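Asks: In the UniProt record's numbering, the protein residues as written are 1 to 202.
Handing you a structure now.
Below, the structure written as structure tokens:
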């Protein structure tokens, strides 16, 4: 059966990556349709046919970001043998990734620092993603307690909140133009707050 309509003249995955970079650099409210069409090389009608609306394009772009570049730090956290190794790997991976965009920073952190009232749903969407990140850090801390990586009585909520806040702080430092070397110094300071691994009796 023949496909209806005119076939798209672009690779949608490549286009989505371009849309992601526009939102990442300009933020949700400053990014305009002409920015997307220029980045992809298509007309506005083709953009709307492919993505539906600016908000739908943004949500899809954020999902793409969190499944690829943005998700790498939490994968590094989960895969490490100890919480001490995991937190360091998470922070250093994040520090590397925040330079993947020329503007710097984490797309989820910087895309909607300020939102107009009519865009509250976008801000809540990003807030939910950040909450999920916090929950993953907290869950890893819980596992670390069970594994003997952390002393009994460690305030896991405070620990997860601290290192989650560090992710956002590193993002803003990169957006402000700090060097990767400067961010590494911040990471080393942050690691001083991490307790040494508890020795588990044989």
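We put the CB at the ideal spot given by N, CA and C, even for glycine.
Keep in mind it's a predicted model, so treat the numbers as computed, not measured.
Mapping the DSSP letters down to three states, classify residue 182 as helix, strand or coil.
Replies: Counting from 1 along the chain shown, the entry for residue 182 is found at position 182. Three-state DSSP puts residue 182 in a helix.
Asks: Can you tell me whether residue 176 is buried or exposed, with buried defined as 16 or more other CB within 10 angstroms of its CB?
Replies: Within the chain shown, residue 176 is the residue found at index 176, counting from 1. Residue 176 should be labelled exposed.
Asks: Compute the Euclidean distance between the alpha carbons of residue 72 and residue 110, then round it to the nearest angstrom.
Replies: Locating residue 72 in the chain shown gives position 72, where the first residue counts as 1. Locating residue 110 in the chain shown gives position 110, where the first residue counts as 1. Residue 72 and residue 110: Cα-Cα distance of roughly 18 Å.
Asks: Give me the residue from 19, 108, 137 with the minimum Cα distance to residue 217.
Replies: This structure cannot speak to residue 217, because the chain is shown only from 1 to 202.
Asks: So, with DSSP's three-state summary, where would you put residue 81?
Replies: Along the chain shown, one-based indexing puts residue 81 at 81. In this structure, residue 81 counts as coil in the three-state DSSP scheme.
Asks: Relative to the C-alpha of residue 76, which residue among 66, 138, 93 is closest?
Replies: Here residue 76 is taken as the residue at index 76 of the chain shown, counted from 1. The shortest C-alpha separation from residue 76 is found at 93.
Asks: Identify, in the order they occur along the chain, each residue of the same chain with its Cβ nearer than 7 Å to the Cβ of residue 2, setting aside the five sequence neighbours on each side.
Replies: As a first step, residue 2 is located in the chain shown; it is residue number 2 there, counting from the start. Note on residue 2: pLDDT 42, under 50, position unreliable in the model; the coordinate value appears next. So no residue of the chain qualifies.
Asks: My parser needs the alpha helix (DSSP H) runs of 4 or more residues fully inside the stretch 72-142; what are they?
Replies: Correct list: 72-79, 83-97, 107-110.
Asks: In whole angstroms, give me the CA-to-CA distance for residue 35 and residue 10.
Replies: Working through the chain shown from its first residue, we reach residue 35 at position 35. Working through the chain shown from its first residue, we reach residue 10 at position 10. If you take the alpha carbons of residue 35 and residue 10, they lie about 16 Å apart.
Asks: Hey, how far is the Cα of residue 140 from the Cα of residue 157?
Replies: In the chain shown, residue 140 corresponds to position 140, counting from 1. In the chain shown, residue 157 corresponds to position 157, counting from 1. If you take the alpha carbons of residue 140 and residue 157, they lie about 11 Å apart.
Asks: Under DSSP, the alpha helix (DSSP H) around residue 37 begins and ends at which residues?
Replies: Residue numbering aside, residue 37 sits at position 37 when the chain shown is read from its first letter. Unbroken alpha helix (DSSP H) run through residue 37: 33-40.
Asks: Flag this pair as yes or no: are the beta carbons of residue 97 and residue 137 separated by less than 9 Å?
Replies: In the chain shown, counting from the first residue as 1, residue 97 sits at position 97. In the chain shown, counting from the first residue as 1, residue 137 sits at position 137. For residue 97 and residue 137, no; Cβs fall outside 9 Å.
Asks: Going by C-alpha distance, which of 186, 150, 180 is nearest residue 195?
Replies: Indexing the chain shown from 1 puts residue 195 at position 195. Nearest option by C-alpha distance: 150.
Asks: Which same chain residues, not among the five before or five after residue 201, have their C-beta less than 6 Å away from its C-beta?
Replies: Residue mapping note: residue 201 aligns to position 201 of the chain shown, counting from 1. For residue 201, the predicted model reports a pLDDT of 43, less than 50, meaning its position is unreliable; a value from the coordinates is still stated below. Counting only Cβ-Cβ distances below 6 Å, and skipping sequence neighbours, we find nothing.
Asks: Evaluate residue 14 with the Cβ neighbour count: other Cβ atoms within 10 Å of its Cβ, from every protein chain shown; 16 or more gives buried, anything less gives exposed.
Replies: By one-based count along the chain shown, residue 14 stands at place 14. With fewer than 16 Cβ atoms within 10 Å of its Cβ, residue 14 is classed as exposed.
Asks: Flag this pair as yes or no: are the beta carbons of residue 55 and residue 121 separated by less than 9 Å?
Replies: Looking up residue 55 in the chain shown gives position 55. Looking up residue 121 in the chain shown gives position 121. Their beta carbons are under 9 Å apart, which means residue 55 touches residue 121 by this criterion.
Asks: On a Cα-Cα basis, can you pick out the residue from 174, 179, 135 that is closest to residue 162?
Replies: Taking the chain shown and counting its residues from 1, one reaches residue 162 at position 162. Out of 174, 179, 135, 135 has the C-alpha closest to the C-alpha of residue 162.
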